[in-house]
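Sequence lines, in order, name chains V and E. The number in our numbering is simply the position in the first sequence, starting from 1, with 1 added. The number in our numbering is simply the position in the second sequence, starting from 1, with 1 added. Beta carbons: idealized from backbone N, C-alpha and C, even for Gly.
Protein chains: 2
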Amino acid sequence: MNSLFYAVPCASLVALLFAFIFYRQMKKQDEGTPTMRQIAQYVREGAMAYLKQQYKVVVIVFAIMAVFFAILAYVFHVQNPWVPFAFLTGGFFSGLAGFIGMKTATFASGRTANAARRSLNAGLKVAFRSGAVMGLTVVGLGLLDIALWYILLNAFIVEATEAQKLVVITTTMLTFGMGASTQALFARVGGGIYTKAADVGADIVGKVESDLPEDDPRNPATIADNVGDNVGDVAGMGADLYESYCGSILSTMALGASAFYMAGPEMQTKAILAPMLIAAVGVVLSVVSIFTVRTKEGAGMAQLLKSMSFGTNLAAILSGVATFGILALVFGTGNNDWWHFSCSVVSGLIAGVVIGKATEYYTSHSYKPTQKLAEASKTGPATVIINGVGLGMISTAIPVIAIVVAIVLAYLFAIGFDVQNMMTATNLSKGLYGVAIAAVGMLSTLGITLATDAYGPIADNAGGNAQMSELEPEVRERTDVLDALGNTTAATGKGFAIGSAALTALALLASYIEEIKIALERAGAMVSGVAGQVKAAEASILDILNNYNVSLMNPTVLAGVFIGSMMAFLFCGLTMNAVGRAASKMVVEVRRQFREIKGILTGEGTPDYKRCVEISTKAAQHEMLGPSLLAIIVPVVVGLVLGVAGVLGLLIGGLGAGFVLAVFMSNSGGAWDNAKKFVEEGHFGGKNSDCHHATVVGDTVGDPFKDTSGPSLNILIKLMSMVSIVMAGLTASFHLL
Amino acid sequence: MNSLFYAVPCASLVALLFAFIFYRQMKKQDEGTPTMRQIAQYVREGAMAYLKQQYKVVVIVFAIMAVFFAILAYVFHVQNPWVPFAFLTGGFFSGLAGFIGMKTATFASGRTANAARRSLNAGLKVAFRSGAVMGLTVVGLGLLDIALWYILLNAFIVEATEAQKLVVITTTMLTFGMGASTQALFARVGGGIYTKAADVGADIVGKVESDLPEDDPRNPATIADNVGDNVGDVAGMGADLYESYCGSILSTMALGASAFYMAGPEMQTKAILAPMLIAAVGVVLSVVSIFTVRTKEGAGMAQLLKSMSFGTNLAAILSGVATFGILALVFGTGNNDWWHFSCSVVSGLIAGVVIGKATEYYTSHSYKPTQKLAEASKTGPATVIINGVGLGMISTAIPVIAIVVAIVLAYLFAIGFDVQNMMTATNLSKGLYGVAIAAVGMLSTLGITLATDAYGPIADNAGGNAQMSELEPEVRERTDVLDALGNTTAATGKGFAIGSAALTALALLASYIEEIKIALERAGAMVSGVAGQVKAAEASILDILNNYNVSLMNPTVLAGVFIGSMMAFLFCGLTMNAVGRAASKMVVEVRRQFREIKGILTGEGTPDYKRCVEISTKAAQHEMLGPSLLAIIVPVVVGLVLGVAGVLGLLIGGLGAGFVLAVFMSNSGGAWDNAKKFVEEGHFGGKNSDCHHATVVGDTVGDPFKDTSGPSLNILIKLMSMVSIVMAGLTASFHLL
């Protein structure tokens, strides 16, 4: 094993070490008054109860699936024998990352509120460093899982040649991504439903019907709402990005091993190491940048945003520069590969920044689009919805162009702009490797970007705690500043999550073809390649595509594209409806409490918070299964009926429509949220005006858009690829058409 | 020329003759009281004024484009010299069909109201027969244009071989579809914006703010609203389906000529005749079936629906049966082609019926989904929107599965279920011909299906007229029954329009590749085919795909897919926002009139209807240009930058996402509309309850969903293909990547 590799487990340990340090620092902070402790305790209990419930369901699903994979592997021999284990560890680490992140967040929010009593800077520091625990845990556990499997498989897998062995190792590792994907889906969907059922329910009865402010302790759904922020926005998002992070690294490794198969094991090893090392260095740069985020007392929103942006931009720029160094070290400077691939990485980084900025432009009320959306409230809720949908749809243009340019440039850089021979077998592999490594570049600084993202719900919860504990108004004002900042970073983070998911999914698409090749190889099959029959082991991506007639005019491909596009919508629709149903239950319950428990609205009676937490928990459990299983089953069925060409169509259709739909839903939701905030700041009549009520309707509709359905799509597009990859053996050996 | 061909112009004349007869019959009816005449006159004037304005803009755009095509053809020689003329006639006939349909509709609605004073049956007869004028005009003019060009080009085009000549004739004719598409886009988008600006504006101020009933004469926007039904739902939809109708026939002809190129001109001629004859016989069957639609006095909604369903189902079944006869006649019964292709046609017919039924299930308040949506109003407008979006997204599943099954079956039938050799060059051409002819089957009975569709707005306007003329309440009740029926048939018609658009677009996709081949041929180029270099003239579809590396993993294809998906959303977003903006202007104006013109609300003052008509007209003109030009320009730019592979990706991405998005938007909109009606019928508190207000918000949001953005997508996906086809010469001779 190349000695550079050991940087990877080391970086992983560095990340986990700092996560632990930040965690300890946070725990040492005072949690405040008895009321504050009490409320934090409620939220913590609710969150843990939910997670326990969710993991119970997930464990059952995982057990069934692992047994299924084991049967495929050991009875029917159409599956790699390591898959059941890889699948389980992927799920385990993903769940662990979510658990740690959430545990931290629920300890941190009360402490953030308490620190905010001292000063804004103190509040920021607690919240942000706690967010960093999440960020660093995700990347630390991700790299740890990757490093462990790499060592393990290197020791155990035996193949005829070293080149072969590297291909088998990397494609095997890829399948642990499926475990991570599956667990991420449940976390995102379940968490998303939970949080929005509570939020929508609390808003409708509390804000719209009873004119209570946000987080008012008289609102029975308010604890559930705060729990929701933790299980949805912290645990759910952590699992999502854990999966993107690992997925991008793993698929780049797999593509590297196959792209340079002919060049021999030395070059393969370099190509395998490159993504791991870029990620490893990114971890260290993230830690460094986290320390730069601080602000002076008396700083406003602009100052705070600048401080955070400085941190993330610093990490991104350093990471871009470092990539040139790393790749020069790995590939040597004897030929142009090092800077070609580095430029691919930079394409990905720039696309990430552009998508983030575009998201900010369309969703922040510092800019025209959201201000105009707020103005539409003058003509009532209907025009707010119409304009918000329009805004979200229009906002898809820039992210799509950014991704398209990044894909094409990453590909062209990787093949040294050899436009005349873009699609030779060698260049295709190399180009796709370039696209994959661009995704790694985009995610290399995840440690800090995820910190800015996880910070949001912590600040949000801190505000809730301050409100419910009836602290001095200036505390709530401070947490409001922190929270508003969190909204902006969350929007940027969402753009980032979607962009990286798209690039990762593309890399997985290429990996799928590799996996089909391995399956054919295992069966000793011949492939009818572009230039005639070849052995599967020697087949290029083009040969495999040719073998299955994966032409754009193949009806199975077209059928797949339609089904893929539909899947994105169907999945969204199911999750939207799930939120609608769950929120209705919550509304009914809150209304009941207002009616039956005397003196709630005057503050004399205590609402039954627990009942609301239970409703959300139960609804989320109940509702998450359907959409999740659909995402797992459809790719398998399409594979069995329409074959490899159909699956590729499915994945491409799902990726295209899913990406755009996700951007639309996230941005519409974000814009509605901030349009409401804009009105609340005093425009168009301010709080409690007709305009305000109209924007609250928009905000309520936007909740499941931006926090349930939209983000779940990221996982859907990756999971469908992962399922296809893991089931490649089955598809290759049996399909109807 | 084969003598069977003459059946085509004959059928066209039959259609136009009956259209004329029905028109005369309608005109003979009495238009009612002076007030009724007055109101009908207002609406007629407004509609004509709008159409005049619109055609002015369209003429300018057409002139510019025709000059551009002429330059490409005569200066740069990268364009077929007939294109500018074909383009212009396509646009002219499409506009003419819209004009006649709308003229009829505006004469018919007052007369329908008046007839409804006598009896329900009388009202139905006037409205439905007037709708039939539209249906028959569209198919009559469509077949006429096709027949004339076929005769003309047969006389003038000279090629080396007869086989070659047929290919050139049919691909040339295809380009008149672009004229039809372009005019259709303007009609749909402009009309859609017009109608919904007026409708939304009228609803927001009238229904929500002032509690006026629909079509109340005190509402200043009410005439504009009624004009909108005519320019959007009649003229816009007519142009849309004219385009689908011609597009499906033309692309099948083109595919027929190329699929059987090697089999020689005799077989080619058969394949060219088949779609024309299926359409011709469909026209006659439509006329026959139209006469079966009648009902007894005292009939309720169920009876009426049965009567209409009987007519359309009769036409569909007869058409399916007749197809076997026609194709046996054309292809002979010597081999299996006749029944193979007939089965393909039947697949298309069945898919059409399934999509229609699914649409009805999801949007009619006789079924659970819409009833549950209505129930969501108990928790306010936000949950109505959330559930409606969810419902629409879920409703995409069945139509997609129906289309996918139809595509795969039509293909497999056409190649005689030769699954082992699905993708040989011969089978691919034959299979795609099968898919194309399935679209023809779906649209063959357009004469009657469009009649049931155009009938809706006529009945709707009749209701408006009755209300504004303050006729006896039972008249309004009768027109309400007619109108409610119209909502159901409109929903079915929309499903039908979308389904046929998808199949047509697929056929156009295949035609695009043919067109590229012709362009290469004209340039005398060689093609690097699947099995080495071949002359362009002898290249198969697979060879052309191979020549341009149209692999699914080609980054330009992937880039195209992303851009195509994005286009669907961007286009929708732009039209949604256009409606939002235009509606806001309308709201401001109506509020102004309520404030400034004394006694409007007490019925003592007369509102300034004209001002509202002007606002809608101006806004529609102003707003339609942007999205329309985008749809024309983007395929050209993608072709120039990303080349043929990129264009194919664009078209497939646009088709997949566009189809699903269109179904979603239409069904959400339809369900919101009917959920409101369900509440109005007395459920959940009935009219003017909180639930009712919540559903009105849903209905208002649904208006642009179902009548502007959703239906415009049908045209977008076809137009992008058409533009690509027409620009194939340019793309083939120049592209960056």
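For V:Ile438, none of the residues of chain E pass the 8 angstroms Cβ criterion, the least Cβ distance being about 14 angstroms. Excluding its 5 nearest sequence neighbours in each direction, E:Met527 has C-beta neighbours in its own chain below 6 angstroms: Gln534, listed in chain order. Remark: fewer than three beta-carbon pairs, one from each stretch, lie closer than 8 angstroms, so the segment 658-678 of chain V and the segment 200-207 of chain V are not flagged as touching. For V:Gly703, the enclosing alpha helix (DSSP H) has its first and last residue at 691-705. Where E:Gln534 is concerned, there is no enclosing alpha helix (DSSP H), although the beta strand (DSSP E) around it starts and stops at 533-536. When 8 angstroms is used as the limit between beta carbons, E:Tyr412 is near these residues of chain V: Pro556, in chain order. Within the segment 416-437 of chain V, contact with chain E at the beta-carbon level (separation under 8 angstroms) is assigned to Val420, Met423, Met424, Leu429, Gly432, Leu433, Val436. Annotated as distal: E:Gly207 and E:Val232, with beta-carbon spacing of 8 angstroms or more. For V:Ile564, the nearest CB of chain E lies under 8 angstroms from its own CB, placing it at the interface with that chain.
The continuous stretches of beta strand (DSSP E) do not include E:Met554, and DSSP gives it neither H nor E.
Here the alpha carbons of V:Val697 and V:Tyr362 stand approximately 21 angstroms from one another. By the criterion of at least three beta-carbon pairs nearer than 8 angstroms, the segment 61-68 of chain E is not in contact with the segment 243-263 of chain E. Of all alpha-carbon atoms in V:Tyr51, V:Asn715, V:Lys369, V:Gly180, the one lying nearest the alpha-carbon of V:Val614 is that of V:Tyr51. Beta-bridge annotation (DSSP): E:Ser529 is paired with E:Gln534. When DSSP states are grouped into helix, strand and coil, E:Gln80 belongs to the coil group.
If you draw a 10 Å sphere on the C-beta of E:His78, you find fewer than 16 other C-beta atoms in it, and that means exposed. Within the model, the alpha-carbon separation for V:Ala148 versus V:Ala440 is close to 19 angstroms. Taken through DSSP and simplified to helix, strand or coil, E:Arg189 comes out as helix. Considering only V:Pro474, V:Leu274, V:Lys599, V:Ser182, the residue with the shortest C-alpha distance to V:Met238 is V:Ser182.
Sixteen is the threshold: since fewer than 16 other Cβ atoms of the shown chains lie within 10 Å of the Cβ of V:Asn336, the residue is exposed. Proximity of chain V to E:Cys613 at the Cβ level (cut-off 7 angstroms) is not reached, the minimal Cβ distance being about 15 angstroms. V:Glu475: member of the alpha helix (DSSP H) spanning 474-523, first to last residue.
Put simply, the backbone Cα of E:Asp419 is about 30 angstroms away from that of E:Lys166. V:Asn3 sits in coil when the DSSP states are folded into three classes, being neither helix nor strand.
Rounded to the nearest angstrom, the Cβ distance from E:Ser131 to E:Ala109 is 3 angstroms, consistent with a contact under 8 angstroms.
One finds Ile387, Val390, Gly391, Met394 in chain V with Cβ atoms closer than 7 angstroms to the Cβ of E:Met577, taken in chain order. The DSSP-derived three-state label of V:Ala460 is helix. Residues Thr223, Gly464, Gly465, Gln468, Met469 of the same chain have their beta carbon placed closer than 7 angstroms to that of E:Asp216, with the five preceding and five following residues left out of the count. With a cutoff of 8 angstroms on beta-carbon distance, V:Gly699 and V:Gly389 are scored as near each other.
Contacts between V:Val59 and chain E, judged by CB atoms closer than 9 angstroms, are missing: the closest CB pair is about 24 angstroms apart. For V:Ser585, the nearest beta carbon of chain E is closer than 8 angstroms to its own beta carbon. Each of E:Arg25, E:Ala41, E:Gly703, E:Cys692 was checked against the Cα of E:Thr380, and the nearest Cα belongs to E:Cys692. Nearest Cα to E:Pro628 within the set E:Pro556, E:Ser710, E:Glu682: E:Ser710. For V:Pro705, the residues of chain E that pass the 9 angstroms Cβ criterion are Ile387, Val390, Gly391, in the order they occur in the chain.
Rounded to the nearest whole angstrom, the C-alpha separation of V:Ala524 and V:Ile545 is 14 angstroms. One finds Thr397, Ala398, Val401, Val661 in chain E with Cβ atoms closer than 7 angstroms to the Cβ of V:Met567, taken in chain order.
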